[in-house]
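First the structure, in the form of structure tokens, and then the observations on it.
Numbering (the UniProt record's numbering), first residue to last: 1 to 198.
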């Protein structure tokens, strides 16, 4: 009887892990696909869709980050594991894939965005996680919130058709802000307190 209960418990854990990892991957794919749509709006008429650029450099990292954050949620719900909080760095996969040439970051805004988006996400995630000392979380949250004024003040310099005084500009700004908020919520997972088993 006890063996059967342990077996069912182990099976439930495997199913729970699979569901959370699959759900994380799906969310990561949806987020990355939306990000690609956002990038097309910013690029305007110059936007193009390429196999490698879209699928390997944007969608694949999105799926991988989602899978890793889904795994982090599973570990959190099952008491954590040694070093599992390092999964908080998983959004940096975007930077690793999008910047194969580290010096390229200095030459174009694409590399800077590939680093900035995950870093802002990680800062916001830490800020809203509810775990850790208050002052560092407040500072992280304040830095993460600078995404709002930075976009509003700089969008006209690289996408004049998307200034916030136009309907398209306001729509794309809300697009960006909501995607950043979702990333921050997802990035909070590895920082949240573990669920202690009873």
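For glycine and all other residues, C-beta sits at the position ideal for the given N, C-alpha and C.
All values derive from a computational prediction rather than experimental measurement.
Same chain, Cβ closer than 7 Å to residue i, neighbours up to 5 away in sequence not counted
i           : result
residue 189 : 69, 72, 73 and 76
residue 184 : 121, 124, 125, 128 and 144
residue 137 : 126 and 127
Separation of residue j from residue i, as counted between CA atoms
i           : j           : result
residue 49  : residue 22  : 26 Å
residue 95  : residue 56  : 13 Å
residue 191 : residue 80  : 11 Å
residue 45  : residue 39  : 11 Å
residue 82  : residue 195 : 15 Å
residue 155 : residue 161 : 9 Å
residue 182 : residue 42  : 19 Å
residue 92  : residue 167 : 32 Å
residue 208 : residue 63  : The structure shown does not extend to residue 208, since the chain spans only 1 to 198, so no value can be given for it.
residue 122 : residue 175 : 19 Å
residue 143 : residue 120 : 8 Å
residue 59  : residue 186 : 17 Å
residue 107 : residue 149 : Low confidence applies to residue 107: its pLDDT is 48, below 50, so where it sits in the model is not reliable enough to give any reading.
residue 133 : residue 47  : 43 Å
residue 90  : residue 17  : 18 Å
residue 20  : residue 118 : 21 Å
residue 147 : residue 51  : 29 Å
residue 193 : residue 130 : 8 Å
residue 78  : residue 87  : 15 Å
residue 29  : residue 135 : 34 Å
residue 61  : residue 177 : 20 Å
Cβ-based neighbour list, residue i, same chain, cut-off 6 Å, excluding 5 preceding and 5 following
i           : result
residue 141 : 127
residue 152 : 164
residue 24  : 66, 67, 69 and 70
residue 139 : none
Cut-off 8 Å between Cβ atoms - residues of its own chain near residue i, not counting five sequence neighbours on either side
i           : result
residue 179 : 31, 34, 35 and 38
residue 109 : For residue 109, the predicted model reports a pLDDT of 48, less than 50, meaning its position is unreliable; a value from the coordinates is still stated below. Taken in chain order, the residues that qualify are 158.
residue 84  : 72, 75, 76 and 190
residue 54  : 36
residue 3   : In this prediction, residue 3 scores a pLDDT of 44, lower than 50, which makes its location untrustworthy; the coordinate-derived value is nonetheless stated afterwards. Nothing listed; no residue qualifies.
Exercise. Say whether the segment 55–70 touches the segment 169–176, bearing in mind that this needs 3 or more beta-carbon pairs closer than 8 Å, one atom from each stretch.
Key: no
Self-check item: Contiguous alpha helix (DSSP H) assignments of at least 4 residues, all confined to the segment 89–171
Solution: 93–98, 109–128, 134–145 and 147–158
Practice problem: Pick out the complete alpha helix (DSSP H) segments inside the segment 35–92, 4 residues or longer, and give them in chain order. | Solution: 60–77
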